[in-house]
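Residue numbers (the numbering used here): 37 to 254.
C-beta: ideal position from N, C-alpha, C; glycine also.
Please read the structure below before turning to the comments.
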Ligand code: PCA
C-alpha cells in the first residue's frame with residue numbers, strides 16, 4: 037500500500053476506572069497497518085482524559101486526512117457491540133477521568149450544535165454484524181463521559197468535510213474483565229476485532245444510507 041492510499045483512522049482509549057486493560061485500545065493496536073476495503077488502517081490510542089483526548093485526536097485528523105474515522109471505547113456492562121447514533125454537547129462525569137478531573141454539566145464546544153448524528157451507515161453495519169452472529173445493537177447515547185466528548189469533538193471537526201464519515205462504537209468488557217464484574221457480559225477480543233473490521237468494511241463500501249446525510253441537531 038502506498039503512502040497515498042486513503043486512511044481509515046481507528047482510535048481506542050487507554051484503561052480507566054480501575055480496569056487494567058481497555059479492549060478498545062487492543063482493537064486499535066491490532067488493526068493498525070491492516071488494509072480494509074483499499075484503505076490503510078491507522079490505529080491510535082487516546083488518553084481517557086477530558087481535554088487531552090480531543091487534543092490528541094486533532095493532530096491525527098490533520099496529519100492523516102482520513103477518509104473515515106471510527107472511534108472506539110469500552111462500555112462495561114453492555115451486552116454486545118453498541119453502534120452509537122448521537123453525540124451530545126455535554127459532559128456530566130459520573131467518575132473521574134485518568135487525571136482525577138470530573139466536570140459536571142459543561143458544554144464540550146461553546147456555541148456549537150447541541151448534538152450531532154453519527155455519519156456511519158449504522159443500520160447497514162448492524163445488519164452485517166447480525167449476519168455474522170455477532171451481538172450488536174444501536175445505542176441512542178454514548179453517555180456523558182470522555183467517549184461522548186471525543187465523539188462530539190470528532191463530529192464537530194468533520195462537520196464540513198464532505199464525504200468523510202465519522203462515528204463511535206462502544207465495545208463490552210473482555211471475558212477476563214467481565215469475570216470480575218458479577219453479571220456483566222464479556223466478548224472475546226477476536227470477536228471484537230472481527231466486528232470492527234466488518235464495521236469498517238461496511239462503512240467504506242456503503243454509498244447510501246439515511247444517516248450519511250444527517251448533520252447537526254440544533
Ligand atoms: N470508555 C469511556 C471513556 C474511555 C472508554 O473506553 C466512556 O465510555 O466514556
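Could you check whether the Cβ of residue 31 sits closer than 7 Å to any heavy atom belonging to the ligand PCA? Since the first residue shown for the chain is 37 and the last is 254, residue 31 is missing from the structure and cannot be characterised.
Cβ of residue 182 within 8 Å of Cβ of residue 63? In the chain shown, the residue the question calls residue 182 occupies position 146. In the chain shown, the residue the question calls residue 63 occupies position 27. No. Outside cutoff.
What does DSSP give as the partner residues of residue 154 in its beta bridges? As a working note, residue 154 is residue 118 in the chain shown. The partner list for residue 154 (beta bridge, DSSP) is empty, contrary to what the question assumes.
Can you grab the Cα-Cα spacing for the pair residue 137 / residue 74, in whole Å? For the purposes of this step, residue 137 is taken as the residue at position 101 of the chain shown. For the purposes of this step, residue 74 is taken as the residue at position 38 of the chain shown. The straight-line gap from Cα to Cα measures roughly 40 Å.
Could you pull out every residue in the same chain whose Cβ sits closer than 8 Å to the Cβ of residue 61, ignoring the five residues on either side in sequence? For this step, residue 61 is matched to residue 25 along the chain shown. Result list for residue 61: 48, 49, 50, 51 and 81, in chain order.
Is residue 179 near the ligand PCA, going by C-beta to nearest heavy atom under 7 Å? Residue numbering aside, residue 179 sits at position 143 when the chain shown is read from its first letter. Yes.
Using a Cβ-Cβ cutoff of less than 6 Å, which residues in the same chain neighbour residue 124 once the five nearest sequence positions on both sides are dropped? Your numbering for residue 124 matches position 88 in the chain shown. So the list reads 151, once near-sequence residues are dropped.
Among 235, 233 and 210, which residue has its Cα nearest to the Cα of residue 114? Counted from its first residue, the chain shown places residue 114 at position 78. Closest by alpha carbon: 210.
From 133, 71 and 202, residue whose alpha carbon lies closest to that of residue 122: Here residue 122 refers to the residue found at position 86 when the chain shown is read from its first residue. Out of 133, 71 and 202, 202 has the C-alpha closest to the C-alpha of residue 122.
Residues near residue 249 by beta carbon distance below 7 Å, same chain, minus five either side: In the chain shown, residue 249 corresponds to position 213, counting from 1. Caution applies to residue 249, whose pLDDT of 48 falls short of 50 and renders its modelled position unreliable; the model cannot decide the point.
Mind checking residue 58: buried by the 16 CB within 10 Å criterion, or exposed? Locating residue 58 in the chain shown gives position 22, counting from the first residue. That one is buried.
Return helix, strand or coil for residue 208, following the three-state DSSP convention. Taking the chain shown and counting its residues from 1, the one referred to as residue 208 is at position 172. Coil.
Cβ-heavy atom distance between residue 206 and the ligand PCA below 7 Å? One-based indexing of the chain shown puts residue 206 at position 170. Yes, since a heavy atom of the ligand PCA falls inside the 7 Å radius drawn around the Cβ of residue 206.
Mapping the DSSP letters down to three states, classify residue 161 as helix, strand or coil. Start at 1 with the first residue of the chain shown, and residue 161 comes out as number 125. Three-state result, residue 161: helix.
Tell me the rounded alpha-carbon separation between residue 223 and residue 111. Taking the chain shown and counting its residues from 1, the one referred to as residue 223 is at position 187. Taking the chain shown and counting its residues from 1, the one referred to as residue 111 is at position 75. Cα to Cα, the separation comes out at about 12 Å.
Please tell me whether, using a cut-off of 7 Å, the distance from the CB of residue 84 to the nearest non-hydrogen atom of the ligand PCA is below it. Here residue 84 refers to the residue found at position 48 of the chain shown. Relative to the ligand PCA, the beta carbon of residue 84 is positioned inside 7 Å of a heavy atom.
Buried/exposed call for residue 189, threshold 16 Cβ in 10 Å: Here residue 189 is taken as the residue at index 153 of the chain shown, counted from 1. By the neighbour-count rule (16 or more Cβ atoms within 10 Å), residue 189 is buried.
Take the Cβ of residue 91 as the centre, count every other Cβ of all protein chains shown within 10 Å, and call the residue buried at 16 or more, exposed below. On the chain shown, position 55 is the one that residue 91 refers to. Classification of residue 91: exposed, given that the 10 Å Cβ count is below 16.
What would DSSP say about residue 77, mapped onto helix, strand or coil? Translated into the one-based positions of the chain shown, residue 77 becomes position 41. Strand at residue 77.
With distances taken Cα to Cα, identify the nearest neighbour of residue 172 among 205, 54, 242 and 135. In the chain shown, counting from the first residue as 1, residue 172 sits at position 136. Minimum Cα distance to residue 172 is reached at 205.
Cβ-based burial, residue 166 [other Cβ within 10 Å; buried from 16]: Numbered from 1 along the chain shown, position 130 holds the residue referred to as residue 166. Exposed.
Where does residue 174 land, buried or exposed, given buried means 16+ other C-beta within 10 angstroms? Counting from 1 along the chain shown, the entry for residue 174 is found at position 138. Classification of residue 174: exposed, given that the 10 Å Cβ count is below 16.
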